[in-house]
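Enquirer: Take a look at the following structure, please.
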Amino acid sequence: MKLNNPAEFGQKIIDQFVNEGWGSLGKRDLELLIFALLEKDGVLSRQNSNYTLARQLRITELKLAVLRRDGTARWRPLLGEQPEAVLKRVINEALQTKKLEFTLKSLSDLKLKEGLIPLLVDHPDDRAELEHAIKQIGAIPLYERNREVVLVHYKVLFALIENLGLNEHNLKALQKNLKKIMDGQLSLKKYLMTPVNEITMEGTRAALNDAGAIVTVGGFKELLPALLKIIIPSISEAQ
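Under the numbering used here, the first residue of the sequence shown carries the number 38, and numbering increases by one thereafter.
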């Protein structure tokens, strides 16, 4: 493990060891201080998952999560990051394309149709800031079975972005991505016109969902058998 700024790291350790009174800094406080300063230095990235850092430090994920939570709480004044800056960082990181695509795959179609967006936030203190911000605008944080995933209604997410003053480019990009998610990237009509060699399972599932919605509202029922015949070529005309 190589520090990015070893001089600053060492000086912070000495400062706190002396300021707390020689020898009065307990073992636990010292452990949390070292961990918090390693995160501040960046050698332990706050963006990394609990799993990744736990393996790096050869400890359990549970202990790693506790170190993250308690280290930030105990030594917050040394970290120099204000709540608003934390929240901006958390939202920007959670909405990175690859990360958002990963979390969306685990979310049910029903929750997507309800307008819920999953934000994966591994760091417990970062997640606490997000939960607090959601409550501050009068909403309630929701969770998947994995408590590291916070479900945020897209209207709440837009309100958070507006309150934080994130730039217009980010807002437009997010709006575009959410429209794709909420509307579905592949409609039933487009699917039926897709060449067989270009059909994917993801597109098939999206088309089936679309077909189910259409049949539910009582329209274009004749399209469903055609769709099923494309998906399952063994279906005969007689069936």
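All C-beta atoms, glycine included, are put in the ideal place defined by N, C-alpha and C.
Counting only the same chain and skipping the five closest in sequence on each side, list residues whose C-beta sits under 6 Å from that of PRO178.
Expert: GLU168, ILE171 and VAL187
Enquirer: Pick from LEU156, GLU151, ASP163 and TRP112: whose alpha carbon is nearest that of ALA122?
Expert: ASP163
Enquirer: Do ILE154 and TYR191 have their C-beta atoms closer together than 8 Å?
Expert: Against a cut-off of 8 Å, the Cβ pair of TYR191 and ILE154 comes out as a contact.
Enquirer: Fully enclosed by the stretch 116–161, which beta strand (DSSP E) runs are 3 residues long or longer?
Expert: 153–157
Enquirer: Beta-carbon within less than 7 Å of VAL193's beta-carbon, same chain only, minus the 5 sequence neighbours each way: which residues are those?
Expert: Correct list, in chain order: ILE171, ILE174 and ALA176.
Enquirer: By DSSP's criteria, LEU179 is part of a beta bridge. Which residues make up the other side?
Expert: LEU188
Enquirer: Mark ALA131 as exposed unless 16 or more other C-beta atoms lie within 10 angstroms of its C-beta, in which case mark it buried.
Expert: buried
Enquirer: Report the option in GLY79, ASP78, ASP52 and LEU81 whose CA atom is closest to the CA atom of LEU67.
Expert: Taking only the C-alpha atoms, the option nearest LEU67 is ASP52.
Enquirer: Is the Cβ-Cβ distance between LEU40 and VAL103 less than 8 Å?
Expert: no
Enquirer: Using a Cβ-Cβ cutoff of less than 7 Å, which residues in the same chain neighbour ARG83 once the five nearest sequence positions on both sides are dropped?
Expert: Within the same chain, ARG83 has close Cβ partners GLU76, HIS160 and ASP163.
Enquirer: Can you give me the start and stop residues for the alpha helix (DSSP H) that GLN48 sits inside?
Expert: 43–56
Enquirer: State the Cα-Cα distance for the pair TYR88 and GLU98, rounded to the nearest angstrom.
Expert: Distance from the CA of TYR88 to the CA of GLU98, rounded to the nearest whole angstrom, comes to 6 Å.
Enquirer: Just curious, the alpha helix (DSSP H) that GLN93 is in, first and last residue?
Expert: 87–94
Enquirer: Would TRP59 be called buried (16 or more neighbouring beta carbons within 10 Å of its own) or exposed?
Expert: With fewer than 16 Cβ atoms within 10 Å of its Cβ, TRP59 is classed as exposed.
Enquirer: Sort ILE50, LYS142 and LYS148 by Cα distance to PHE12 and report the nearest one.
Expert: Since the displayed the chain opens at 38 and closes at 276, residue 12 lies outside it and no answer follows.
Enquirer: What residue does the alpha helix (DSSP H) around ILE174 start on, and which one ends it?
Expert: Taken as a continuous stretch (DSSP letters only), ILE174 belongs to no alpha helix (DSSP H), as it is neither H nor E.
Enquirer: Work out the CA separation of VAL158 and LYS136 for me, nearest whole Å.
Expert: 10 Å
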